[in-house]
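To convert, count from 1 in the sequence shown and add 55; that's this note's numbering. Quick reminder that beta carbons are idealized off the backbone N, C-alpha and C, glycines included.
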Amino acid sequence: MTFDDYLTQIDDRSAALRSAVAAAPSLSLRVPGCPDWTLADLVEHLGGVQMFWTVVVSSADASAPPPKDKTDFESPTGDLVAWSASATTQLLDALRVAGPSSPSWAWWGGSGAPMNAGAVARHQVQEAAVHARDAQETIGRAAPLPSAVAADGVAEFLSVPLASLGPWPGPPVRIAFAASDGPTHVADLSPSGVAVDPSSPGAAALTVHGTTSELVLGLYNRIPLDSLRVEGDASVLGPLISWAES
């Protein structure tokens with residue numbers, strides 16, 4: 056996706072979350088994908104995340120996160136859905152003003168992913184999309200992630216969240232994620248970390264098959280990854296899931 060596509064998807068998926076919340080009989084419903092949270096907590100979480108990255112992107116400083124007093128937001132009062140819409144608008148405005156190449160601090164510095172507003176926008180697509188699906192599941196209307204979002208989600212997860220974890224704690228292993236409606240992505244896990252789609256030849260010890268949406272939701276622990284079709288050494292899957300959850 057282009058930078059403009061990222062902004063469109065952040066807007067669309069954030070609106071999808073609010074639509075599900077507006078249809079809920081109560082904001083106190085528990086969220087299956089985040090069992091410690093109610094729907095109200097979910098909305099406040101995504102809004103707080105978007106407000107945080109608004110400050111980060113606006114500062115255009117990749118050297119350090121903003122001071123805590125700049126991101127110590129008060130809990131929302133009043134109309135929670137309207138507050139969420141305002142948080143999304145602030146993030147989108149900040150990203151548009153900054154542009155994709157503007158420097159930005161990010162927690163994934165050790166992953167090798169870019170430290171700029173474009174990478175922030177890319178990750179915020181996944182943040183909004185997965186949490187929108189959380190809200191939909193809460194009201195009994197869980198839907199697959201949109202194809203454009205899911206198609207980028209596997210590679211983004213492997214190269215940003217997973218790669219930010221540092222050295223793989225187990226023996227070196229190659230794992231493939233084969234999408235029925237998209238590309239196959241390969242990850243080499245080793246003491247050197249995660250290498251995504253390596254150029255070196257070799258067969259994967261484990262291949263996980265599913266739609267792009269299923270693979271993303273599995274990696275984010277929204278559906279059991281081992282419920283998908285698995286070929287090869289299934290013993291690798293448990294350690295991978297535990298490591299990813301960290």
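**Prompt:** Mind checking whether A117 and W160 have CB atoms under 8 Å apart?
**Reply:** yes
**Message:** What residue range does the beta strand (DSSP E) around G306 cover?
**Reply:** For the chain, the structure presents residues 56 to 301; residue 306 sits outside this window and is missing.
**Prompt:** Considering only C-alpha positions, which residue in the set S81, Y275, V263 and N276 is nearest to A231?
**Reply:** V263
**chain B contact for T93 (CB, 8 Å cutoff)** = The structure shown contains no chain B; it is built from a single protein chain.
**Asked** Does the Cβ-Cβ distance between S113 and A95 come in under 8 Å?
**Response** Contact check for S113 against A95 fails: the beta carbons are separated by 8 Å or more.
**Message:** Just to confirm my understanding: we take A172, look at its own chain, exclude 5 residues before and 5 after, and list those with CB closer than 7 Å. What are they?
**Reply:** V112, L150, A153, G154, P155, S157 and S159
**Asked** Comparing the CB of V271 with every heavy atom of the ligand ZN, is any distance shorter than 7 Å?
**Response** This structure does not include the ligand ZN; it has no bound ligands of any sort.
**Asked** Is V180 closer than 8 Å to Q64 when the C-beta atoms are compared?
**Response** yes
**Request:** Taking L295 as the reference, give the member of L135, D252, Q191 and D243 with the closest Cα.
**Result:** It is D243 whose Cα lies nearest to the Cα of L295.
**Request:** Starting from the C-beta of R68, find all residues in its chain whose C-beta is less than 6 Å away, skip the five residues before and the five after it, and write them out in chain order.
**Result:** A183, A184 and A187
**Item:** Bounding residues of the beta strand (DSSP E) (the contiguous stretch that carries S166)
**Value:** Per DSSP, S166 belongs to no beta strand (DSSP E) and is neither H nor E.
**Asked** Can the beta-carbon of A198 be found less than 8 Å from the beta-carbon of T267?
**Response** no
**Item:** Cβ pair S245, W223 closer than 8 Å
**Value:** yes
**Prompt:** Expressed to the nearest angstrom, what Euclidean distance is found between the alpha-carbon atoms of W108 and S81?
**Reply:** So the alpha carbons of these two residues sit roughly 28 Å apart.
**Message:** When you compare the CB positions of A168 and A174, do they come within less than 8 Å of one another, or not?
**Reply:** Against a cut-off of 8 Å, the Cβ pair of A174 and A168 comes out as a contact.
**Item:** Closest by C-alpha distance to S219, when choosing among D134, G248 and P201
**Value:** Comparing Cα-Cα distances from S219 to each of D134, G248 and P201, the minimum goes to G248.
**Prompt:** In or out: D124 buried (at least 16 other Cβ within 10 Å) or exposed?
**Reply:** exposed
**Item:** Rounded separation between Q191 and S139 - CA only
**Value:** 16 Å
**Asked** With 16 as the cutoff for other CB atoms within 10 Å, does D59 come out buried or exposed?
**Response** Classified as exposed, D59 has fewer than 16 neighbouring CB atoms from the shown chains inside 10 Å of its CB.
**Request:** Could you give the DSSP three-state label for I278: helix, strand or coil?
**Result:** coil
**Message:** Please list the terminal residues of the continuous alpha helix (DSSP H) segment that includes P294.
**Reply:** L292 to E300
**Request:** Starting from the Cα of T144, find the closest Cα among L101, S130, E129 and P216 and give me that residue.
**Result:** L101
**Request:** Return the residue from the list E269, L270, V241 and G265 that minimises the CA-CA distance to P256.
**Result:** V241
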